[in-house]
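In the numbering used here, the protein residues as written are 969 to 1355.
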């Protein structure tokens, strides 16, 4: 009786036509109206009308009056999303409405969302990796800078302590040296020997030479200890370089060393202490000449770049051992058997006072290159009168 009622109801309101139209909607695979005995009363595929569904899940849905949603595979092998809802009229159960939805749009949406999620995850990982890389790089740079500053502070403290010690030692040595020098002068002038005068004069001259050498060492010690007042003025860097080249030209020629001086004509003026900067270059040039006992090429250059004056001294000599290169500007560090190893320490002190920096590059057997970088606007303080 119920089936007959539903059949009549379908005929009266055109359920078959409505279901067929619904089945033609995009994304809808099939629509079916099942009776209380799960007989197909209407189907979007008319050939299926009258069939009976024996699926236990449909029986439970009808019995328990609850909906059902699941993925099922149809006889033709196509997977669909089956949505089942009880059909009730006036409180009585009259069957089930089943709609099979194509899973293709769902799978496409799922694949699209999965792709988006994967890309988003990769982007987050990439951004996180880049962020960590930037953090590590920045921290590494800061840590390197901190270590460099700590090493520089430690070196300056050590240099200051050595300078103070040098001042005491130099003061104690200088007075006896002066007395010895004056005594030798008196011996030479007031107490000539009755015989052997030539040998006497030679010994006195030799002794005076050693006194002068010791006095020079004392002066180097004192230069580390005494204050370093700068007298900056506006000068042409080329003039400073060429003046140093003129001072060492004869010595270089005698050693078989060719001078190569490079000073562009368009160099801007720089604010510096010319005498102190000549001392820096002389110290570097002296070391370069002594590094080329068999002759070679000594390069002197000047250039300006981004508000910085660059002075270079390079040679084709023996080079600096790799283990000494990081400490080459420390006091008493030297590659020579003669000398106290104070020349580069003094040069660095002068460059530091100019707010500049000095760097060394070298390979054993391939020569060395020293670069002095100074701000063109110079160190703080008043300029020398007339500068």
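Glycine included, each C-beta is placed from N, C-alpha and C at the ideal position.
These numbers were taken from a predicted model, which means no experiment stands behind them.
What does the Cβ neighbour count give for residue i, buried or exposed, with the cut at 16 atoms within 10 Å?
i	result
residue 1286	buried
residue 1110	exposed
residue 1251	buried
residue 1151	exposed
residue 1143	exposed
residue 1106	exposed
residue 1244	buried
residue 1024	exposed
residue 1084	exposed
residue 921	Lying outside 969 to 1355, the shown extent of the chain, residue 921 is not represented and no answer is given.
residue 1338	buried
residue 1146	exposed
residue 1005	exposed
residue 1317	buried
residue 1012	buried
residue 991	buried
residue 1239	buried
residue 1063	buried
residue 1035	exposed
residue 1297	buried
residue 1354	The pLDDT assigned to residue 1354 is 48, lower than 50, so where the model puts this residue is not dependable; a value taken from the coordinates is nonetheless given after this. Exposed, since its Cβ has fewer than 16 Cβ neighbours within 10 Å.
residue 1039	exposed
residue 1336	buried
residue 1218	exposed
residue 1259	buried
residue 1095	exposed
residue 1089	exposed
residue 1345	exposed
residue 1058	exposed
residue 1101	exposed
residue 1043	exposed
residue 1263	exposed
residue 1340	buried
residue 1160	exposed
residue 987	buried
residue 1060	exposed
residue 1342	buried
residue 1324	buried
residue 1048	buried
residue 985	exposed
Look up residue i in the DSSP assignment and give the residues it is bridged to.
i	result
residue 1228	1267
residue 1338	1281 and 1328
residue 1068	998 and 1050
residue 1272	1277
residue 1343	1276
On the DSSP letters alone, give me the boundaries of the alpha helix (DSSP H) that residue i sits inside.
i	result
residue 1328	No alpha helix (DSSP H) contains residue 1328, which is instead part of the beta strand (DSSP E) from 1325-1330.
residue 1311	1311-1321
Within the continuous beta strand (DSSP E) that includes residue i, where are the two ends?
i	result
residue 1238	1238-1240
Of all the CB atoms in chain D, is at least one closer than 8 Å to the CB of residue i?
i	result
residue 1283	Of the protein chains in the structure, only one exists, and it is not chain D.
- Query: Contact between the region 1196-1216 and the region 1226-1237: three or more CB pairs below 8 Å?
  - Reply: yes
- With contact counted as at least three CB pairs below 8 Å, one residue from each stretch, are the region 1046-1055 and the region 1011-1030 in contact? yes
- Message: Ignoring anything shorter than 3 residues, give me the beta strand (DSSP E) runs that lie fully in the region 1094-1124, in order along the chain.
- Response: none
- Task: Tell me the start and end of each unbroken alpha helix (DSSP H) in the region 1142-1211 that is at least 4 residues and wholly inside, in chain order.
- Result: 1165-1193
- Let me know the alpha helix (DSSP H) ranges lying completely inside the region 975-1063, each 4 residues or longer, listed in chain order. 983-991 and 1024-1032
- Task: Could you say if the region 1279-1296 and the region 1321-1332 meet the contact criterion of at least three C-beta pairs nearer than 8 Å?
- Result: yes
- Task: Could you tell me whether the region 1068-1081 touches the region 997-1009, using the rule of 3 or more Cβ pairs below 8 Å?
- Result: Contact holds: three or more Cβ-Cβ distances are below 8 Å.
- Message: Across the region 1220-1228 and the region 1264-1271, are there enough close Cβ pairs to call them in contact, namely three or more that are closer than 8 Å?
- Response: yes
- Is it true that the region 1208-1222 meets the region 1160-1178, where meeting means three or more beta-carbon pairs spaced less than 8 Å apart? no
- For the region 1215-1225 and the region 1170-1190, state whether three or more C-beta atom pairs, one from each stretch, are separated by less than 8 Å. no
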